[in-house]
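Enquirer:
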Amino acid sequence: MARVPGRGLVTAVRGWRGCSVCMSCALRRFSIQPAQQKKIPNRYLGQPSPFTHPHLLKPGEVTPGLSQVEYALRRHKLMALIQKEANGWDGLDHTVILLSNPTYYMSNDIPYVFHQNTNFLYLCGFQEPDSILVLQSIPGKALPSHKSILFVPRRDPNRELWDGPRSGTDGAIALTGVDEAYTIEEFRHLVAKLKGESNIVWYDLAKPVHTELHSDYLQPLAEIKARNKNHIQRIQHLVQNLRLIKSPAEIERMKIAGRVTAEAFTETMFASKSPVDEAFLYAKFEFECRARGADILAYPPVVAGGNRSNTLHYVKNNQLIKDGELVLLDGGCESACYVSDITRTWPVNGRFTKPQADLYQAVLDIQKSCLSLCSPGISLENVYSLMLSLIGQKLKDLGVLNSSITESHFFKAVRKYCPHHVGHYLGMDVHDTPDISRSLPLQPGMVITIEPGIYIPEDDMSAPERFRGIGVRIEDDVLITEGAPLILSADCPKEIYDIEQICGRKS
C-alpha cells in the first residue's frame, strides 16, 4: 500500500518493468499535465534548475521560459500525430524512442561543450548526454494517452568529479516532469519487451543520433523487427511538424535572441574601424552576444571582408579588411535553446562608395519587397521566385545583366549572382526543420529568415568593373502572424544612413 498525501491509501499498480507505481501516478498518465511537481533536489544537477539558478529559471520551468506543462503538451501533441498516422493499426501498442547526443571530444579526453540533440530537447528539455526518452502508449487506453520515461546516466561520484554533476533519476523526474526515470543500463529491459509483433516502435533508424546507444540497443531491435515484417517507423518528420509552429513561449525566447544579436551587431559595427582584422570582429560579435546573456553563438559566423564576401560559407575569418572594403557578417546567437540568424554588410571605414551603395541599396530594396510578402498562405518558394525576378531587374538596372537577355537565360544568369535560396525555417536550429518543404504555405507561428544577396566576384570580367569584388547580403528573422510580419531582428540597423551614423560614431 502507498500513501498519497491528502488522499488516503491507494492501491499500488505495476510499472513497465514490474515496479510498483501508485494509482494516482497511473491515472495522471492519461492527462497532458506533468507529474505533481516534485521538489528539485537541493544540489547541482546536470543543467540549471530553479534551485541552483533562480536568476534563469522560475519554479516549474525546465529551461528558461518553458515550463513542464509546455514540454508535456508537446509530448501529448506528438502522440496525437502518431494516433493519426497509425489509423487502422488497431490493437497495437506504440513506443517512441529518441536518443540524446553523445559527448564529442576535441582530443583524447578533452570534450567539446555539450550541445543537445534538438528533437530530444524539444520533447523533454533534458540537457545531459547518453540519455533516452521513451513515450509509451498505455494498454487499454487510446492515444494520445501515454507515459513518458527518461533513461539517464547513473550518478557516479568519480565521473562527476571530472565532468560535473549529473541529475540522476530523481533529478530528471523533478526537473522535467516526466512520469518515470531509470538509469541508462535499465533500457535493455524495455527493449526486450518491444520485440513482439504487437508493439510498433517509432525511431529514426536511418540517421542514428547516438551511434553507441543505437548499436547497443536499437540496431539489434530493428533487425528483429524487420525479420518479423514489423518495421520501425520514422519519427523525425512528426517532431519537425510540431517544431515548425512556435508557441507564445517559444516566440518570446526568439525575440530575446533577435534583440541580443541586433545589439551585438550594432556594437560590432561601431568597433569596425579600418583597417580591421576579421578575427577581431568575430571576437567582438561573440563577446557582445554573450555579455547580453547568450549561451553560445548559433553557428560559426561568416566575417568576410572584401571579395571574400562572395564565398557564401567563408568561416576562416583570418584576413585583414582594408580601408574602403565592405565586411559581410552573418551571425547569430543561441539563447535558452533558441537561435537567431542575421546578416549585415557595411563599410569598415564608415562610408559606402557609390558602387557599394548602389549594390547595397538594390539588395535592401529587394529584401523589403520580400519581407512584405511574408504572410499566411504564401510559401518560401513563392518569396524565392519574387526574389529572383527582383534581383534580375536590379542587375539590369545596374548594368550587370544585359537588358536584352532572353527569358530562357534570365534565371540562370540571376542564380549566378545569387546562388542560394531566399530563406529557411528558424527555431532551435539555424536551418530548422530541414525536412519540411519550402513549398508549404506559411502559417502564423512560423519563423523564417529572408536573406537576398548579390555577389559579384572580383574575377567576373562580364560584370562592370566598379562592382567587382563586392558581395552584399541582408538577412532578417521574421515571425509570421495573422497580419503584418513581425521582424525579430528589427533593432539591427540596415539603412545606409543608420549604418554610416553608427560606424562614424566616436567612442
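Here the sequence shown is numbered in this note's numbering, starting from -16 and rising by one per residue. Glycine is no exception: its CB is placed at the ideal position from the N, C-alpha and C atoms.
(1) What are the start and end residues of the beta strand (DSSP E) that includes Y480?
(2) Considering just the uninterrupted stretch of the alpha helix (DSSP H) at N365, what are its terminal residues?
(3) Quick check: the Cα distance between D460 and E233, rounded to an integer number of angstroms?
(4) Shortest alpha-carbon distance to I228 belongs to which of Q30, G410, K190?
(5) To which residues of the same chain is M370 closer than 7 Å at the C-beta, ignoring the five residues directly before and after it?
(6) On the DSSP letters alone, give me the boundaries of the alpha helix (DSSP H) that V52 sits inside.
(7) Straight-line CA distance for Q66 to H197?
(8) Which of helix, strand or coil does DSSP assign to C320?
(9) Going by the DSSP bridge assignment, what does L496 pair with across the sheet?
(10) With a CB to CB cut of under 7 Å and the five nearest residues on each side skipped, what residues in its chain are close to D443?
(11) Report yes or no: do the stretch 239 to 259 and the stretch 467 to 475 share at least 3 C-beta pairs separated by less than 8 Å?
(12) Quick check on the DSSP output: the beta strand (DSSP E) that includes L82 runs from which residue to which?
(13) Going by CA-CA distance only, name the one from E111, K395, A189 that's closest to Q30.
(14) For R488, which residues from the same chain have a beta carbon less than 7 Å from its beta carbon, with the 5 sequence-adjacent residues on both sides left out?
(15) Fully enclosed by the stretch 222 to 292, which beta strand (DSSP E) runs are 3 residues long or longer?
(16) Take Q484 and list the residues in its own chain whose beta-carbon comes closer than 6 Å to its own, dropping the five residues that flank it on each side.
(17) What span of residues does the beta strand (DSSP E) with G502 cover, start to end?
(18) Check whether the Cβ atoms of A262 and N301 sit closer than 9 Å, and answer yes or no.
(19) For H193, tell me which candidate among S120, F103, K267, K256 has the shortest Cα-Cα distance.
(20) Taking the alpha-carbon positions, what's the D187 to V222 distance?
(21) Please state the DSSP three-state secondary structure of L28.
(22) Between the C-alpha atoms of D153 and P33, what's the straight-line distance to the nearest angstrom?
(23) Output needed for E44: all residues of its chain with C-beta closer than 6 Å, excluding positions within five of it in sequence on either side, in chain order.
(24) At which residues does the beta strand (DSSP E) containing R327 begin and terminate?
(25) With 16 as the cutoff for other CB atoms within 10 Å, does A240 come out buried or exposed?
(26) When you compare only the Cα positions, how much space is there between E441 and Y282?
(27) Enumerated in chain order, which unbroken segments of the alpha helix (DSSP H) with a length of 4 residues or greater are wholly contained in the stretch 333 to 358?
(28) Comparing C-alpha positions only, which one of D278, D199, E180 sits nearest to G74?
(29) Taking DSSP's pairing of strands, which residues face W185 in a bridge?
(30) Suppose you measure from the CA of K176 to the CA of H77; what does that come to, to the nearest Å?
(31) Three-state secondary structure (DSSP) at H87?
(32) Assess contact between the stretch 311 to 318 and the stretch 330 to 342, defined as three or more Cβ pairs (one per stretch) separated by less than 8 Å. Is contact present?
(33) Please check the pair G151 and V135, which I expect to be a contact at CB under 8 Å, by giving their CB distance rounded to whole angstroms.
(34) Between the beta-carbon of L423 and the beta-carbon of C357, is there less than 9 Å?
Expert: In short:
(1) For the purposes of this step, residue 480 is taken as residue 497 along the sequence shown, with counting starting at 1. It is not in any beta strand (DSSP E) - Y480 instead sits in the alpha helix (DSSP H) that spans 479 to 486.
(2) Position 382 of the sequence shown, counted from the first residue, corresponds to residue 365. Unbroken alpha helix (DSSP H) run through N365: 363 to 380.
(3) As a first step, residue 460 must be located in the sequence shown, where it is residue number 477. As a first step, residue 233 must be located in the sequence shown, where it is residue number 250. Straight-line Cα distance between these residues: approximately 14 Å.
(4) Here the question's residue 228 lines up with position 245 in the sequence shown. When only C-alpha atoms are compared, the closest one is G410.
(5) Indexing the sequence shown from 1 puts residue 370 at position 387. Correct list, in chain order: I349, C353, V405, P435.
(6) As a working mapping, residue 52 is identified with position 69 in the sequence shown. Run containing V52: 51 to 68, per the alpha helix (DSSP H) assignment.
(7) As a first step, residue 66 is located in the sequence shown; it is residue number 83 there, counting from the start. As a first step, residue 197 is located in the sequence shown; it is residue number 214 there, counting from the start. Spanning the two alpha carbons is a distance of roughly 25 Å.
(8) Taking the first residue of the sequence shown as 1, we reach residue 320 at position 337. DSSP places C320 in coil when its eight states are reduced to three.
(9) The chain is shown from -16 up to 490; residue 496 falls before or after that span and cannot be answered.
(10) One-based indexing of the sequence shown puts residue 443 at position 460. For D443, where only same-chain residues beyond five positions count, the Cβ hits under 7 Å are R451.
(11) yes
(12) Counted from its first residue, the sequence shown places residue 82 at position 99. Taken as a continuous stretch (DSSP letters only), the beta strand (DSSP E) holding L82 covers 76 to 82.
(13) Along the sequence shown, read from residue 1 onward, the residue named residue 30 stands at position 47. Out of E111, K395, A189, E111 has the C-alpha closest to the C-alpha of Q30.
(14) Counting from one through the sequence shown, the residue named residue 488 turns up at place 505. The answer, listed in chain order, is F253.
(15) Counting only runs of 3 or more residues that sit fully inside the stretch 222 to 292, the beta strand (DSSP E) segments are 285 to 288, in chain order.
(16) Taking the sequence shown and counting its residues from 1, the one referred to as residue 484 is at position 501. Excluding sequence neighbours, Q484 sits near nothing in its chain.
(17) An answer regarding residue 502 cannot be provided, because it is not within the stretch -16 to 490 covered by the chain.
(18) Translated into positions along the sequence shown, residue 262 becomes position 279. Translated into positions along the sequence shown, residue 301 becomes position 318. Closer than 9 Å, so yes.
(19) The residue given as residue 193 occupies position 210 in the sequence shown. Residue F103 holds the alpha-carbon nearest to the alpha-carbon of H193 among S120, F103, K267, K256.
(20) Taking the sequence shown and counting its residues from 1, one reaches residue 187 at position 204. Taking the sequence shown and counting its residues from 1, one reaches residue 222 at position 239. D187 and V222: Cα-Cα distance of roughly 11 Å.
(21) Indexing the sequence shown from 1 puts residue 28 at position 45. Three-state DSSP puts L28 in coil, outside helix and strand.
(22) One-based indexing of the sequence shown puts residue 153 at position 170. One-based indexing of the sequence shown puts residue 33 at position 50. Those two C-alpha atoms are separated by around 15 Å.
(23) Residue mapping note: residue 44 aligns to position 61 of the sequence shown, counting from 1. The beta carbon of E44 is closer than 6 Å to those of S50 in its chain, skipping five residues each way along the sequence.
(24) The sequence position of residue 327 within the sequence shown is 344, counting from 1. 325 to 330 is the span of the beta strand (DSSP E), which, as asked, contains R327.
(25) Position 257 of the sequence shown, counting from 1, holds the residue named residue 240. With 16 or more other Cβ atoms within 10 Å, it is buried.
(26) Residue mapping note: residue 441 aligns to position 458 of the sequence shown, counting from 1. Residue mapping note: residue 282 aligns to position 299 of the sequence shown, counting from 1. Using only the alpha carbons, I get a separation of about 27 Å.
(27) 337 to 355
(28) Position 91 of the sequence shown, counting from 1, holds the residue named residue 74. The shortest Cα separation from G74 among D278, D199, E180 belongs to E180.
(29) Residue 185 sits at position 202 when you count from the first residue of the sequence shown. As DSSP reads the structure, W185 sits in a beta bridge with V79, Q216.
(30) Residue 176 sits at position 193 when you count from the first residue of the sequence shown. Residue 77 sits at position 94 when you count from the first residue of the sequence shown. Cα-Cα distance, rounded: 12 Å.
(31) Position 104 of the sequence shown, counted from the first residue, corresponds to residue 87. The question names His, but residue 87 in the sequence shown is Tyr. Reduced to three states, the DSSP call for Y87 is coil.
(32) no
(33) Within the sequence shown, numbered from 1, the residue matching residue 151 stands at position 168. Within the sequence shown, numbered from 1, the residue matching residue 135 stands at position 152. Confirmed, Cβ separation roughly 7 Å.
(34) In the sequence shown, counting from the first residue as 1, residue 423 sits at position 440. In the sequence shown, counting from the first residue as 1, residue 357 sits at position 374. Going by C-beta atoms, L423 is not nearer than 9 Å to C357.
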